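Numbering (this note's numbering), first residue to last: 108 to 282.
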Amino acid sequence: MGFWKSIFSSSDPAPSPKALSLEEYAAPGTIERLGTQSRIFFSTDRNIDLYELEELCDSVGWARRPLRKVRRALENSFLVVSMWEIRGARKRLIGFARATSDYAFNATVWDVAIRPEFQGKGLGRALMNYLISKLRREDISNITLFADPHVVDFYRGLGFMSDPEGIKGMFWYPR
Ligand SMILES: CC(C)(COP(=O)(O)OP(=O)(O)OC[C@H]1O[C@@H](n2cnc3c(N)ncnc32)[C@H](O)[C@@H]1OP(=O)(O)O)[C@@H](O)C(=O)NCCC(=O)NCCS
């Protein structure tokens, strides 16, 4: 996978919210899969429009969460990764993932989503590989996540293991 950096300056036609630092994504076949008009970018900025994020979460069928709590979650995440399609002057949030961390050993991945019309084109894998590479750069070696049953194989394909050495994830919920 090849990446190259392209930071939008204020004179670029990148629309609001406040100019995000964007890193262009390119992999063999991306243009063919998305059409020549589309360019795909990553960002690690947290100043994402929460309504746009809510719309992305709606599009994959997730239950709505109070925006003030979503804002806090983003503020308190170790890493926030968003994926954008730029088509002419239009910029659209098409993917998202974030990770919490102890800043030393462990990180946990949350809220992985790709907008339905962009699924099945390798973008979910690219988003996760980007997030993992950022965590590895911070010397985080233990990356965990909680996979919905229908996406276990997606994460397996990225190298995640279920129950390594028999270890079970355990949950406590208020009764
Ligand atoms: C799960 C999700 C992020 C995958 O994104 P995507 O862009 O469709 O995935 P990709 O196209 O990058 O797929 C990469 C590989 O995983 C496989 N894959 C994708 N979704 C899969 C699934 N649900 N189950 C099994 N394999 C899957 C693809 O076939 C592909 O395999 P290949 O490399 O052998 O061709 C996306 O489907 C999504 O947002 N789903 C709704 C939200 C969700 O369920 N999030 C996860 C919560 S834990």
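Ideal placement from N, C-alpha and C gives every residue a C-beta, glycine not left out. Quick caveat, the model's predicted, so the values are computed rather than measured.
Residue from the options whose Cα sits closest to the Cα of residue i
{"i": "SER145", "options": "LEU242, SER166 and ALA196", "result": "ALA196"}
{"i": "LEU252", "options": "PHE261, GLU245 and ASP246", "result": "PHE261"}
{"i": "PHE185", "options": "GLY229, ILE250 and PRO256", "result": "ILE250"}
{"i": "ARG178", "options": "LEU160, THR215 and SER240", "result": "LEU160"}
{"i": "SER240", "options": "ASP255, ARG263, TYR158 and ALA206", "result": "ALA206"}
Cβ-based burial, residue i [other Cβ within 10 Å; buried from 16]
{"i": "MET277", "result": "exposed"}
{"i": "ASP156", "result": "exposed"}
{"i": "LYS275", "result": "exposed"}
{"i": "ASP246", "result": "exposed"}
{"i": "LEU174", "result": "exposed"}
{"i": "LYS176", "result": "exposed"}
{"i": "SER269", "result": "exposed"}
{"i": "ILE114", "result": "Legend: pLDDT at ILE114 = 29, less than 50; position of this residue unreliable, value from coordinates given subsequently. Exposed, because fewer than 16 other Cβ atoms sit within 10 Å of the Cβ of ILE114."}
{"i": "PHE212", "result": "exposed"}
{"i": "TRP191", "result": "buried"}
{"i": "GLY273", "result": "exposed"}
{"i": "ARG282", "result": "exposed"}
{"i": "TYR132", "result": "buried"}
Check: residue i C-beta below 7 Å from any heavy atom of ligand 1
{"i": "ARG243", "result": "no"}
{"i": "PHE261", "result": "yes"}
{"i": "ARG171", "result": "no"}
{"i": "GLY229", "result": "yes"}
{"i": "ALA196", "result": "no"}
{"i": "GLY264", "result": "yes"}
{"i": "ARG66", "result": "Past the edges of the chain, shown from 108 to 282, lies residue 66, and the structure says nothing about it."}
{"i": "VAL258", "result": "yes"}
{"i": "ARG178", "result": "no"}
{"i": "ARG232", "result": "yes"}
Anticipated Cβ contact below 8 Å, residue i with residue j, distance rounded
{"i": "VAL167", "j": "LEU238", "result": "Not confirmed; about 17 Å, so no contact."}
{"i": "LEU265", "j": "ARG232", "result": "6 Å"}
{"i": "ILE221", "j": "LEU242", "result": "Contact flag wrong, Cβ pair sits at about 19 Å."}
{"i": "ILE193", "j": "PHE148", "result": "6 Å"}
{"i": "LEU181", "j": "GLY202", "result": "At roughly 15 Å, the Cβ-Cβ gap does not stay under 8 Å, so LEU181 and GLY202 are not in contact."}
Quiz item: Counting only runs that start and end within the segment 147-189, where is the alpha helix (DSSP H) found for 4 or more residues in a row?
Solution: Fully enclosed alpha helix (DSSP H) runs of 4 or longer: 157-166 and 174-182.
Quiz item: Which runs of the beta strand (DSSP E) fall wholly inside the segment 236-279 and span at least 3 residues, in chain order?
Solution: Every unbroken stretch of the beta strand (DSSP E) spanning 3 or more residues and falling wholly within the segment 236-279 is given here in chain order: 249-252.
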